[in-house]
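Structure first, commentary second.
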Amino acid sequence: MGKRSASRRSQKRKNEITHEEIAHPDAFNLFDSLVGRPRFGFLGEAAIETLKNRAFEILEEYGFIFIHPEATKALKNAGAQSGTDANRLRLPRSLVEEALVAVPKEVSLYGKKPSFDIHLPRKDGGFIMRTGTGAHGYVNPENGQYRNLDLPAVAEIAAVGNDLDEVGFIAHPFVYGVPELTSDIHGLATLIQRTDKHVWIQPYNKENIEYLIRIAAIAAGGEQKLRQRPLASCITCSFSPLEFKFMDTEVILQAGKYGMPVHACSLPSAGGTAPLSVSGLVLMAAAEILAMVTTAHVLAPGLPVIATPLMFTLDMRTGSALQSCVESLQAASMSIQLMKQGFGLPAHTYGAGSDTPDVDVQSMVERSLLAQNVALSGADILGGIGQLECATVFSPVQAVLDNEVGGMMRQFIRVPDVSEESLNWNEISKIRAGGHFLDSPHTLKFCRDQHTPKAFLRQDRDGYEAANRRSAFDQAREMALESIRNAPPDGFLGEDAKHEIAQVVIDADQHILEKASSHRGAVSVV
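As structure tokens, then:
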């Protein structure tokens, strides 16, 4: 009995996260020697192991709800066991670990042109950024007026995103002024014609997935070309806590047919759909992402999966969801650390965003902290460019400013060289009294390596006053408007492709809306 008690205590100890382990000195002095990138993290090795083991235990002992019959059958054939209630499956640790070994560790997100291709992880150890998705509101850069996000706004988002060099791909947002049930189809149809960059697809209904992929295939030049160079990737989301909707399972199945990478997205809210503690929030996201990685391995072997923890915290006073509060910042860092160091997965999370509704001082502080936090934690993709008000509003001006922060962060995480040449040892050891380095060959050689901002200003008081106190916001606004004005009026696809896409949208509206109308009628009769 004593041995059993000791064993239980030992197991309990393995599963506990102590403050000392989270704040272990090694957690703040990490360095990736393979790419020369500094690392920051709250988690020491013991805490990472604890979170890994707990995530495996949740899936193996309690399980995850699946309501997709085909997926359920396939998972059971792979070794999953029925859980305690309907539709819950317990995933053996061996199956999850098999999936983690098999899932590709490198992911390519292709553009229409090779110059826009993205290969992750980047060889320089850096990151790429993407525009925000999910926003329902839009701030007009011309006059600062707020309106519901519509198709003209989608075209403007694409125009601005095309010109932002830190933005690797563009996500389609929700749009108004079209049928709600096919909003995603209308949004993607507009976006994919307006950019040569990779696009991110977010389906809103299970019937829509086929039409969205059909649009991507037309833009790629056909289904075979889409398979060879997927110019779109798809988001698949868990339904916290620990559930998987039919639609999101179907995303994996259909994306798998074309090799389109999926972003396995968990969006838990601390205090709502996840424990209020930061570590509990991270654990929820980890378990859900592992379930999605395992599902992809079983349903579509070899399909690239990008771990995408998007972390929210409920304000216990108001019930509002927050993405940039201190707790969410910590959770974002810890979840990226766990995905990268613990599971070896490509990782994607918010690298921009704020809880304020305007492009203001608070917004810049929150998103700058967020960008630095997750970039140093190892994120491959920093999402949320241009988003405000907890990802519900898009601002092109904020997108330009986010691009600026991204450029600074890319330079910041490059570890400065310490060599004879970089030290300029020969000159520094012989500098004359009152000397300088302005005309040094070393200065002339390396002066262009300095980061040069495009929207942020560097001017003295006299210049500032002479320019009527023109600010970085004013500069960013003008840059956004210039991108919109200079966007190709006919987009980036030929007329035949545009006509085909338009027909897909018409077919989708007819089929999906008629089906919904028929269903409502049947319900009303009953």
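Be aware that the sequence shown starts at 30, since it is given in the numbering used here, and climbs by one per residue. Heads up, the beta-carbon is just placed ideally off N, CA and C, and yes, glycines get one too. Since we're looking at a predicted model, the values are computed, not measured.
Residue i versus the options, residue with shortest Cα-Cα distance
i	options	result
Arg259	Gly463, Val327, Pro143, Glu507	Correcting the residue identity first, residue 259 is Pro in this sequence and not Arg. Closest by alpha carbon: Pro143.
Arg223	Phe521, Asp431, Val533, Lys527	Phe521
Val136	Ala516, Met321, Lys152, Thr421	Lys152
Ala484	Arg461, Pro470, Ala496, Met508	Met508
Gln539	Gly190, Leu255, His215	His215
Ala84	Met438, Ile247, Val280, Ile318	Ile318
Asn237	Val334, Ser547, Asp536	Asp536
Leu178	Gln440, Pro425, His471, Asp225	Pro425
Ile365	Gly348, Pro518, Leu398, Asp409	Asp409
Leu411	Leu351, Ser397, Glu418	Ser397
Val279	Glu89, Lys81, Tyr493, Phe95	Checking the sequence, you will find Glu at residue 279 rather than Val. Residue Phe95 is the option with its Cα nearest to Glu279.
Ala350	Glu195, Thr323, Leu296	Leu296
Val533	Val388, Asp225, Ala248	Ala248
Gly348	Gln427, Ala531, Leu305, Pro470	Leu305
Arg243	Tyr287, Pro470, Phe268	Tyr287
Glu89	Gln110, Phe273, Arg477, Thr162	Gln110
Gln174	Ile530, Arg443, Ser451, Val422	Val422
Asn432	Ile77, Ala462, Gly161	Gly161
Met11	Cys354, Glu418, Val403, Pro518	With the chain covering only 30 through 555, there is no way to say anything about residue 11.
Straight-line Cα distance separating residue j from residue i
i	j	result
Ser406	Pro375	12 Å
Arg506	Pro170	6 Å
Glu86	Gly112	13 Å
Asn453	Leu473	12 Å
Gly301	Ser212	28 Å
His292	Ile457	50 Å
Asp491	Ala246	55 Å
Phe156	Val434	13 Å
Leu328	Gln391	44 Å
Phe57	Lys134	Its pLDDT being 39, under 50, Phe57 is placed unreliably in this model, and the value from its coordinates should be taken loosely. Cα to Cα, Phe57 sits roughly 25 Å from Lys134.
Ser298	Tyr91	20 Å
Val125	Ala320	8 Å
Gln401	Lys81	25 Å
Val189	Thr385	22 Å
Arg122	Lys544	41 Å
Val204	His165	7 Å
Leu477	Pro290	Here the sequence assigns Arg to residue 477, which means Leu is not the residue at that position. Roughly 36 Å between the two C-alpha positions.
Ala420	Ser383	8 Å
Beta-carbon separation (whole angstroms), residue i vs residue j, contact threshold 8 Å
i	j	result
Tyr379	Gly415	Their Cβ separation, rounded to whole angstroms, is 12 Å, which puts Tyr379 and Gly415 out of contact at 8 Å.
Gln359	Val388	Not a contact, Cβ separation roughly 25 Å.
Thr323	Ala516	Contact doesn't hold; Cβ gap of about 42 Å is too wide.
Phe145	Asp194	Contact doesn't hold; Cβ gap of about 11 Å is too wide.
Ala316	Leu310	Actually they do not touch by this definition, with Cβ atoms about 11 Å apart.
Notebook entry, point to check: Between the region 192-210 and the region 495-506, are three or more C-beta pairs nearer than 8 Å?
Noted result: no
Checklist line | At least three beta-carbon pairs within less than 8 Å, the region 92-104 to the region 333-344 | finding: no
Item checked: Three or more C-beta pairs below 8 Å linking the region 359-376 and the region 115-125 -> no
Notebook entry, point to check: Is the region 263-275 touching the region 178-189, taking contact as three or more C-beta pairs under 8 Å?
Noted result: no
Checklist line | Minimum length 4: unbroken alpha helix (DSSP H) runs contained in the region 254-300 | finding: 275-287
Notebook entry, point to check: If you scan the region 361-427 from start to end, which runs of the beta strand (DSSP E) of 3 or more residues do you find wholly inside it?
Noted result: 377-379, 410-414
Note to self: To test your reading of the DSSP string, which unbroken alpha helix (DSSP H) runs of 4 or more residues are found completely within the region 178-252?
What the structure shows: 180-192, 212-222, 237-249
Notebook entry, point to check: Taking the runs of the beta strand (DSSP E) that are 3 residues or longer, which of them lie wholly in the region 73-102?
Noted result: 93-95
Next item on the list: Within the region 422-496, note down every full alpha helix (DSSP H) run reaching 4 residues or more, in order along the chain.
Entry: 425-441, 449-452, 454-457, 470-475, 490-495
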